[in-house]
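Student: Got a structure here, written out as structure tokens. Questions coming.
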Amino acid sequence: MNLNVIYGAIFIFSAIKWGDWKNWKSYYPTFLFLMVGDLVYQFLFYKHSMWEYVPVGSDKSWAKHTHIAFLIMLIKYPATISMFLGNMPKAAWKKLVFILFWTLLYTINEFTDLKLGVIVHKNGWNLGWSAFFSFVMFIVLDVHYKKPLLAWILSAIFATFLWNVFKIPQSILK
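With the working numbering, letter number 51 in the sequence shown gets 52, and the count goes up by one each step, no holes.
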């Protein structure tokens with residue numbers, strides 16, 4: 002079973018059905034923001050990962066953590082951004098419900114990955130932290146779409162918070 006192909010197909014077909022591709026240019030900066038955030042994580046935490054993708058089935062013949070991470074950035078993130086921003090409600094309470102829906106969706110995806118052995122948590126990370134991270138991430142993505150500078154500031158604050166909570170040693174940096 003090539004699980005990454007299956008996941009990729011699910012996100013592509015979902016994005017085709019529910020994504021807002023007419024306005025992709027307006028979402029593009031937010032997609033890049035999400036991708037840059039993941040790339041920074043991959044770079045900074047190379048020696049101290051909080052999670053790691055593990056190839057299973059036929060993925061073992063070609064994939065490593067880095068391949069899977071890039072596939073997520075190139076397929077899952079644009080699909081997510083197109084569906085998330087393209088369908089964001091205007092009313093505050095509906096927006097909160099929508100963000101909670103996406104948080105639940107990402108958490109269920111990760112729970113499934115944990116059960117299938119596709120991802121492992123490390124260094125104190127767990128599914129609860131992933132759910133919290135997803136909730137904050139979706140809030141910040143919505144903020145970024147309207148106020149990019151504020152989103153960068155919020156991201157720096159949240160990253161510093163996580164760095165301190167998990168007592169990340171400075172020695173992991175070059």
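For glycine and all other residues, C-beta sits at the position ideal for the given N, C-alpha and C.
Could you check if A80 is buried or exposed, using at least 16 other CB atoms within 10 Å of its CB as the buried criterion?
Tutor: Position 79 of the sequence shown holds residue 80. Buried is the call here.
Student: May I have the straight-line CA-CA distance separating W130 from V119, to the nearest angstrom?
Tutor: In the sequence shown, residue 130 corresponds to position 129, counting from 1. In the sequence shown, residue 119 corresponds to position 118, counting from 1. When rounded, the distance between both Cα atoms is 17 Å.
Student: With 16 as the cutoff for other CB atoms within 10 Å, does A16 come out buried or exposed?
Tutor: By 1-based counting over the sequence shown, the position of residue 16 is 15. With 16 or more Cβ atoms within 10 Å of its Cβ, A16 is classed as buried.
Student: Who are Y54's beta bridge partners in DSSP?
Tutor: Against the sequence shown, residue 54 aligns to sequence position 53. Answer by DSSP bridge pairing, in chain order: I120.
Student: Give, in chain order, every unbroken run of the beta strand (DSSP E) that is at least 3 residues long and sits entirely within the region 64-128.
Tutor: You should have 120-122.
Student: Looking only at its chain, what residues have a beta carbon closer than 7 Å to the beta carbon of Y107, apart from the 5 residues adjacent to it on each side?
Tutor: Here residue 107 corresponds to residue number 106 of the sequence shown, with the count starting at 1. S135.
Student: So, under 8 Å CB-CB, I76 and F12 are touching, yes? Tell me the CB distance rounded to an integer number of Å.
Tutor: For the purposes of this step, residue 76 is taken as the residue at position 75 of the sequence shown. For the purposes of this step, residue 12 is taken as the residue at position 11 of the sequence shown. Between F12 and I76 the Cβ distance is about 5 Å, and since that is below 8 Å, they are a contact.
Student: Mind the definition here: the region 17-35 touches the region 86-95 only if three or more C-beta pairs lie below 8 Å; say whether that holds.
Tutor: The region 17-35, when compared against the region 86-95, does touch it at the 8 Å Cβ threshold.
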